[in-house]
Each structure stands twice: as structure tokens, then as C-alpha cells.
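Visitor:
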Amino acid sequence: MRRRLPEWFVLLLPAFIVIAAVVLIPLIFSLYSSFTPYKLTRPSTLWRWVGTYNYQKILTDANFWAAFGRTVLFLTIVLNVELLLGLGIALMVNRVTWGQRTLRTILMFPMMFSPILVGFQFKFIFNDNVGLVNNVLQSLGITDMALPWLVDGRLAMFSIVFAEVWMSTSVFAILILAGLFAMPRDPLEAAEVDGCTPWQTFRHITLPFLMPFIYIAMTIRSLDVARAYDIVQIMTGGGPARRTELLWTLMSRTGYVDARMGLANAMGYVSIILSILFTIYFFRKLSAARAEIGLEG
Amino acid sequence: MTEVSLRNVIKRYGTQQAVHGIDLEIENGEFVVLVGPSGCGKSTTLRMIAGLEAISDGEVSIGGRVVNDLPPRERNISMVFQNYALYPHMTVRENLGFSLTIAKRPEDEIVRAVDEAAGILGLDELMDRKPAALSGGQRQRVAMGRAIVRHPDVFLFDEPLSNLDAKLRSQMRVEIKKLHQKVDSTIIYVTHDQVEAMTLADRIVLMRDGRIEQVGTPLQLFEQPVNIFVAGFIGSPPMNQLAGTVEGDAISLGEVYVPIPSSVRGQLSNGQKVIFGFRADNLTPVGHGLREKGETTQLDLRVHLTEPLGTETLLFATLAGAEIQGKMLNPRPVAPGEDLTFNLMLDRCHVFDAATGNAIGRT
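Going down the list, the sequences are from chains U and C.
For the first sequence, our numbering begins at 626 and goes up steadily by one.
For the second sequence, our numbering begins at 4 and goes up steadily by one.
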């Protein structure tokens, strides 16, 4: 008699197959290819093993580390600006008593657009000749020059941050607003009676309660921003002359333009460390903040 | 000296009026309980005194100072909330000391005040725990401790015991009373539980629908209710109330006649519709009452249900079509359906005008 496979194995098999096909095999393949000089234009290179050559090359590549540093900087600025703006917006919307539902919906509009379109929009807005910003500045007589918003390194970085913040501040606003809705009113009133000024109430009561929500938003957004690609690609393409190069624009250029897929995959594995570190950091903070307000870690 | 006075205090929500002009003078050191059914405006009134609710009209003053437009922090009051309202992210010690920390008092003073309050309420063991790790009764004590620490002019309690189980509630009641004897501050206490009101108050303010029905000591409200509502609200079991008509020198309750009590004789007119009220304590089987003498009348009633409580037994009977309750002291077993002769103490009975609900013979 033919031996039958155990039932649990048969039942799990479809899931195994799907996960293997969609996640596991590509992952192993990309990891393997990062140890080869794989070029898309010369498929045979896939079978040449070069060991850690790609990784060594990355470690000494100034362009890679510049992009790495720029991504960390970008991440830091974007997260902090979004936190501050989102917190402010959430606190204000929370005070609105009439039309709050509508306002909340409007708040989410920027998230509904494709990042590509947002990129094109801001590319136009910041264009130095026909762009909205320069037009306004010149009409108001603030400057008579055409400011190179997307060409100058600093200004271009600012423009990209601006677009990113415009699109995603509502993630913070919505999550913090959810926190404000969940917040019990009694401790706020108790603080008021205990002698707190509105600022002290916010600082000592509201903010500790909101911290878990803030860290959830931070975790989501850090993963999001660490893989920032579309807006940057559209607005500046990482240029001019790599002045706005982030990890993912560098990787896509290396992989698809230069066709050096092995090297690009190695870069991917190094830069994933960044995401993992941020996630671990924010999850730690999240647990601590939850424990702080008496929730289970 | 901190007296609290309310003059014609009104609360409106839009066009709805929730509190219709409350006048109340509370003396320094007095324990006043605002009591009434839910929605009677007692909590709203308390929150207006606290400053958590705007005063639509009228005037609230604390210690002779009009506080209408002052925020809570400038009123020097403390409040204990129904849901404790502890700060979840602070330890018991931090909770207790928070108001002083905010006021930037010196560290040693804070420690002293916190330790003192913890001592009064027996919280010493719990100082480094967070509220989530405390039981309901412990949280309630922390909430009270937080109120004590500030040495406020006035304590405000907003149904502080309603989230506790019955046993804990009676314990905390005693603690609150002890606390009042110790700190000697003015206390305004809101509850819907008439037992709490009776046991704690120097004076009870009984409210209904945003108005004060009666103000007085617990015994005044118990013995001389000004209307049917007060009579029904204060006392457990509630006062028996029977509809009747004055006929000569008796009140007809359907087929049963009771003599008009001497206290209201001459104040009733023939044919007047009245409500005749008496408490279970004053309807006792012969030989099982507090006293047999005085102005009494006898009624023969069939008992159809009993509730033994140990030192006394509640007897349920039907009189003139309504269910009434009597009380048997030094109880013996009573079988349902047994016929007993009851003494009704007429001098303890109440007669209310059926049209207005107001008590007759009392002003």
C-alpha cells in the first residue's frame, strides 16, 4: 500500500507552496545573486561565484554610504516634521465639534493620490521656470531670481521632504487622533482640578497617553520612508549629480540602469539593516510607552 | 473659613435647561450631600462648583470669592471622581504628589505631604505601584489621597463609591466619614444612593429634575419629608403610599378607614383627595413593635410574603389594593397567608395633598 502523507502536511502544503513561490525563492535567489557579479545583460554571470566581493565593494563605496547617510537624514527630518505637524493637526481636529467627520476625510486626501502623481505635482510646483513657488515669490517681489528648487542640493532635498511630508503627515494625524479619541476624559479633568495649566495637562497627561500611538505611526512611517523611491525618482531622479540620491534610487539605478543586479541585491541586504534597526528601536519604545500607561507590553 | 454659596445657579445646554436656579449656602467644615435620581442635575451642579462646567447664569462663590470665571486650578478645590481618574502612567506616589509637583513646591514638603496622606489612607505599601496594579478599593483610596494632599478649601466627591462592591462601599463610607473628622474641610458629596446620603451627610440636598426638593439634616428628611418625592426617595424600604379621601374624621383608603392623625387634624377638608404615607417601621404586628402606646390604630392584614433580615423581618401585605410593607421586630417565623393584627402609629404617619404632592401639616 502506498504511504500517505500526514494530513497536517497536506493541509499546509498550499500555503507552503505559495509562500515559497512568492517570498522564499525570490529571497534566496536575490541573496544568492548578491554573491555573484550577476548582470542582467549577461545572464551567464549568474553562475560565477565571487564570494563577498560585492559586499566589500559596497563597504568602501563612498556613493553608497552617502546615500545611506542621506536616507537616515531624510528619515529623521521627515519623521520629526510629520510628527509635529500631525500632532498639531490631530489636537486641532480633536477640538472641532462641527463637521469633524468631513474634516477627517479631507485629511486623508493626500494619502489617496499615487506617490508618482504627487511627485509630478511637486516637480511642477518647484520647477524653476514655470513652477508655482517661483512665480509666487517673484510676483510678491520677494526675489527676482529663479530659485533652483530641484537643482541645488539643499533646496532639492527640502523640496522632496516637503512633498513627502505633504503626502503622509495624515498618517500621524489620523493615528494620533485615534489616540485622542481613546483617551479617557477623567484624568484630564483631574489634572485641571489638580492645578495644571492647559500646557501642563498636555505635557504630563495627554502626551504620555499618546506615545504608544506616536510610536506605531513612527514604525509604519520609518519603514515607508526608508524605502522612499517614487517621489524622489520623479522629482529629481536622485540627481542632479547624486545630490538627492537615496538608497533605493541608488539601488534601482545600479540594478536596472547599470544592469548590475548582483551588486544592487547586495546593497538591498545592507540597507535592510537600516529598516530592521528602526523597527526594533520603535517597537522597544512602543512597548515601553504602553507599559508606561499601564497597558501590557 | 470656606463657605460655599450658590445663588440662583443655572445650567443650560443649548436651549435645554438642566439646572433651574439652585440656591444653597454651605457652611465651613460642613459635609453636604447632593442626592437624587440620575439626571437630576446633582453632578452638573458639582461640576459647576469645580469649574469643569461653565455656569450659565447665577453665581458660585467659594470662601466669599465669586469663582464663576476662574479655572478649576484657581479655586483651591479637590475632586474625587467616580472612575477614580488616576494618572495611569504614574506610580501611586507620583499620583499623590502630582498637584504639588505642578505647583513647584519644595521636594521635602511634597514628600512630607504625600507620606502624611498615605498614612491617613493606609497606602504606604502601595507607593511604587501603578494604578493598573491596584484593586478598585485601593484606587479609590489613592484618588482620595490625591485630594487630601493639596489641603484644599473644599473637597468635591462625584459618586466616588458607585464602582465598588457593596462590602467595600460600606468600608469606604466609614473611611470618608473618618477623613472628614480628621481634615475638617468643607465637603460636597454627590451620590444617587440615599443610604450614603443618610449616613454621611450633615445636611442632605435632595434634588429632582434640576431643582432642590428639600434641604435638611438626614433625620429632618426622614421624619419630615416635604412632599411625596422626598418621602419615597429617602428611607429603605420606601415609604408606603396609599391614595385616600378625607371622610369626616377618617381617611378612606377604599374599604379601609384610618383615623386622621392628630397632627393634621383641622387642616383637611371633607372630600379632599390625599396620599396617606407611613413607613414600614411604623406598621408592626401587635407585640413586635418598638412601642405599643401613643396614637395608634389597628389593622388586620394578611401577610403574603416575608423577607427575614435577622433582627427584623419585612412583611408584605395588601392594603386597599396596594402592596405595603410592615416590619416585625423580635421576629418569629411567619407563614405566607397568615393573618396578623398590626399596630399603625398614626403620629408617625404622613398626609400629602394628592394634587400637589406636598405634605400637609408641615411647613
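Here a beta-carbon is modelled for each residue, glycine too, at the ideal position from N, C-alpha and C.
Note that the structure is a prediction, hence the values are computed from the model and not measured.
1. In whole angstroms, give me the CA-to-CA distance for Thr366 (chain C) and Gln227 (chain C).
2. Any beta carbon of chain A sitting closer than 8 Å to that of Glu707 (chain U)?
3. Please list the terminal residues of the continuous beta strand (DSSP E) segment that includes Ala21 (chain C).
4. Once the 5 residues before and after Gly676 (chain U) are set aside, which same chain residues still bring their CB inside 8 Å of it?
5. Using 8 Å as the limit for Cβ to Cβ distance, is Leu911 (chain U) near chain C?
6. Under 8 Å, Cβ to Cβ, is there at least one residue of chain U near His92 (chain C)?
7. Run down chain C in chain order and give the residues with a C-beta less than 9 Å from the C-beta of Met804 (chain U).
8. Could you list which residues in chain U have their beta carbon closer than 8 Å to that of Lys80 (chain C), in chain order?
9. What residues from chain C crowd round Pro812 (chain U), counting only those whose CB sits closer than 8 Å?
10. So which residues on chain C does Ile741 (chain U) lean against when the C-beta distance must stay under 8 Å?
11. Using DSSP bridges, identify the partner residues of Arg15 (chain C).
12. DSSP three-state label for Thr366 (chain C), please.
13. So, Ile29 (chain C) versus Ile191 (chain C), is the Cβ gap smaller than 8 Å?
14. Quick one: measure Cβ to Cβ for Ala88 (chain C) and Pro812 (chain U), integer angstroms, because I've assumed they're closer than 8 Å.
15. What residues match up with Lys276 (chain C) in a beta bridge as DSSP calls it?
16. Quick one, which of C:Gly360, C:Asn98, C:Leu55 and C:Ser46 has its alpha-carbon nearest Phe232 (chain C)'s?
17. Output needed for Ala135 (chain C): all residues of its chain with C-beta closer than 8 Å, excluding positions within five of it in sequence on either side, in chain order.
18. Provide the residue span of the beta strand (DSSP E) that contains Arg144 (chain C), from first to last.
19. Taking the straight line between their C-alpha atoms, what separation do you get for Ile702 (chain U) and Asn31 (chain C)?
20. Using DSSP with H/G/I as helix, E/B as strand and the rest coil, what is Tyr657 (chain U)?
21. Is Val337 (chain C) closer than 8 Å to Leu318 (chain C) when the C-beta atoms are compared?
22. Short of 6 Å in beta carbon distance, which residues of its chain neighbour Glu341 (chain C), apart from the five on each side in sequence? Order them along the chain.
23. Using beta carbons (cut-off 8 Å, strictly below), is Gly919 (chain U) in contact with chain C?
24. For Asp127 (chain C) versus Arg96 (chain C), is the C-beta spacing smaller than 8 Å?
25. Would you list the one or two residues that DSSP bridges to Ala914 (chain U)?
26. Who are the neighbours of Pro833 (chain U) on chain C, taking C-beta pairs under 9 Å?
27. Answer yes or no: does any C-beta atom of chain C fall closer than 8 Å to that of Ala807 (chain U)?
28. Under three-state DSSP, which class holds Asn721 (chain U)?
29. Any idea if Arg78 (chain C) is buried or exposed, counting beta-carbon neighbours within 10 angstroms, 16 or more meaning buried?
30. Within a Cβ cutoff of 6 Å, which residues of the same chain sit near Tyr906 (chain U), ignoring the five residues on either side of it in sequence?
31. Would the segment 162 to 169 of chain C and the segment 182 to 201 of chain C be scored as touching if the rule is three or more Cβ pairs under 8 Å?
32. Where DSSP assigns a beta bridge to Thr344 (chain C), which residues make up the other side?
33. With a cut-off of 8 Å, do at least 3 Cβ pairs link the segment 846 to 857 of chain U to the segment 693 to 707 of chain U?
34. In chain U, which residues lie with their C-beta within 8 Å of the C-beta of Arg76 (chain C)?
35. Opposite Phe160 (chain C) in the DSSP bridges: which residues?
36. Checking contacts by CB at 8 Å: is Ala53 (chain C) closer than that to chain U?
Guide: Well, looking at it:
1. Position 363 of the second sequence, counted from the first residue, corresponds to residue 366 (chain C). Position 224 of the second sequence, counted from the first residue, corresponds to residue 227 (chain C). Note that Thr366 (chain C) scores 46 on pLDDT, short of 50, meaning its location in the model is unreliable and no value can be drawn from it.
2. Within the model displayed, chain A is absent; protein chains U and C are what it includes.
3. The residue labelled residue 21 (chain C) in the question sits at position 18 within the second sequence. Unbroken beta strand (DSSP E) run through Ala21 (chain C): Gln19 to Ile29.
4. In the first sequence, the residue the question calls residue 676 (chain U) occupies position 51. The residues are Phe660.
5. Position 286 of the first sequence, counting from 1, holds the residue named residue 911 (chain U). No, no contact with chain C.
6. In the second sequence, the residue the question calls residue 92 (chain C) occupies position 89. Cβ-Cβ to chain U under 8 Å: yes for His92 (chain C).
7. Locating residue 804 (chain U) in the first sequence gives position 179, where the first residue counts as 1. Note that residue 804 (chain U) is Gly in the sequence shown here, rather than Met. The contacting residues do not exist; Gly804 (chain U) stays about 13 Å from chain C at best.
8. Translated into the one-based positions of the second sequence, residue 80 (chain C) becomes position 77. One detail in the question is off: residue 80 (chain C) reads as Ile in this sequence, not Lys. The contacting residues are Val818.
9. If you number the first sequence from 1, residue 812 (chain U) lands on position 187. Ala88, Leu89, Tyr90 and Pro91, listed in chain order.
10. As a first step, residue 741 (chain U) must be located in the first sequence, where it is residue number 116. What Ile741 (chain U) touches in chain C: nothing, since even the nearest Cβ is about 42 Å away.
11. Translated into the one-based positions of the second sequence, residue 15 (chain C) becomes position 12. Arg15 (chain C) is bridged by DSSP to C:Gln20.
12. Residue 366 (chain C) sits at position 363 when you count from the first residue of the second sequence. Confidence at Thr366 (chain C) is low in this model, with a pLDDT of 46, below 50, so its placement is unreliable and no value can be given for it.
13. Working through the second sequence from its first residue, we reach residue 29 (chain C) at position 26. Working through the second sequence from its first residue, we reach residue 191 (chain C) at position 188. Cβ atoms of Ile29 (chain C) and Ile191 (chain C): closer than 8 Å.
14. Start at 1 with the first residue of the second sequence, and residue 88 (chain C) comes out as number 85. Start at 1 with the first residue of the first sequence, and residue 812 (chain U) comes out as number 187. Yes, they are in contact, since the Cβ atoms of Ala88 (chain C) and Pro812 (chain U) sit about 5 Å apart, within 8 Å.
15. The residue labelled residue 276 (chain C) in the question sits at position 273 within the second sequence. Beta-bridge pairing links Lys276 (chain C) to C:Thr248.
16. One-based indexing of the second sequence puts residue 232 (chain C) at position 229. Here the closest residue by C-alpha is C:Gly360.
17. Residue mapping note: residue 135 (chain C) aligns to position 132 of the second sequence, counting from 1. Closer than 8 Å at the Cβ level, and outside the excluded window around Ala135 (chain C), lie Pro91.
18. As a first step, residue 144 (chain C) must be located in the second sequence, where it is residue number 141. From DSSP, Arg144 (chain C) is part of no beta strand (DSSP E) but of the alpha helix (DSSP H) over Gly139 to Val152.
19. Numbered from its first residue, the first sequence carries residue 702 (chain U) at position 77. Numbered from its first residue, the second sequence carries residue 31 (chain C) at position 28. Whole-angstrom Cα-Cα distance: 58 Å.
20. Position 32 of the first sequence, counting from 1, holds the residue named residue 657 (chain U). Three-state DSSP puts Tyr657 (chain U) in a helix.
21. Locating residue 318 (chain C) in the second sequence gives position 315, counting from the first residue. Locating residue 337 (chain C) in the second sequence gives position 334, counting from the first residue. Between Leu318 (chain C) and Val337 (chain C), the CB-CB gap stays under 8 Å.
22. Looking up residue 341 (chain C) in the second sequence gives position 338. Cβ within range, chain order: Val306.
23. Position 294 of the first sequence, counting from 1, holds the residue named residue 919 (chain U). Judged by the 8 Å Cβ criterion, Gly919 (chain U) is in contact with chain C.
24. For this step, residue 127 (chain C) is matched to residue 124 along the second sequence. For this step, residue 96 (chain C) is matched to residue 93 along the second sequence. In terms of Cβ geometry, Asp127 (chain C) and Arg96 (chain C) do not form a close pair [threshold 8 Å].
25. On the first sequence, position 289 is the one that residue 914 (chain U) refers to. Answer by DSSP bridge pairing: none, since Ala914 (chain U) is not bridged.
26. To locate residue 833 (chain U), count along the first sequence from 1; it is residue 208. The contacting residues are Tyr90, Pro91, His92 and Met93.
27. Position 182 of the first sequence, counted from the first residue, corresponds to residue 807 (chain U). Not an interface residue.
28. For the purposes of this step, residue 721 (chain U) is taken as the residue at position 96 of the first sequence. The residue you asked about is not Asn; residue 721 (chain U) is Val in the sequence shown. In the structure shown, Val721 (chain U) sits in coil (DSSP, three-state: anything other than H, G, I, E or B).
29. For this step, residue 78 (chain C) is matched to residue 75 along the second sequence. Under this definition Arg78 (chain C) is a buried residue.
30. Within the first sequence, residue 906 (chain U) is the residue found at index 281, counting from 1. Within the same chain, no residue comes within 6 Å of Tyr906 (chain U) by CB-CB distance, once the 5 residues on both sides are set aside.
31. As far as the Cβ criterion goes, the segment 162 to 169 of chain C touches the segment 182 to 201 of chain C, which means the pair count is three or higher.
32. Counted from its first residue, the second sequence places residue 344 (chain C) at position 341. Paired residues: C:Asp303.
33. Contact between the segment 846 to 857 of chain U and the segment 693 to 707 of chain U is present, because at least three Cβ pairs lie under 8 Å.
34. Here residue 76 (chain C) refers to the residue found at position 73 of the second sequence. The answer, in chain order, is Glu817, Val818, Asp819, Gly820, Cys821 and Thr822.
35. Here the question's residue 160 (chain C) lines up with position 157 in the second sequence. Looking at the DSSP assignment, Phe160 (chain C) forms a beta bridge with C:Val83 and C:Tyr192.
36. Within the second sequence, residue 53 (chain C) is the residue found at index 50, counting from 1. For Ala53 (chain C), the answer is yes, since a Cβ of chain U falls inside 8 Å of its Cβ.
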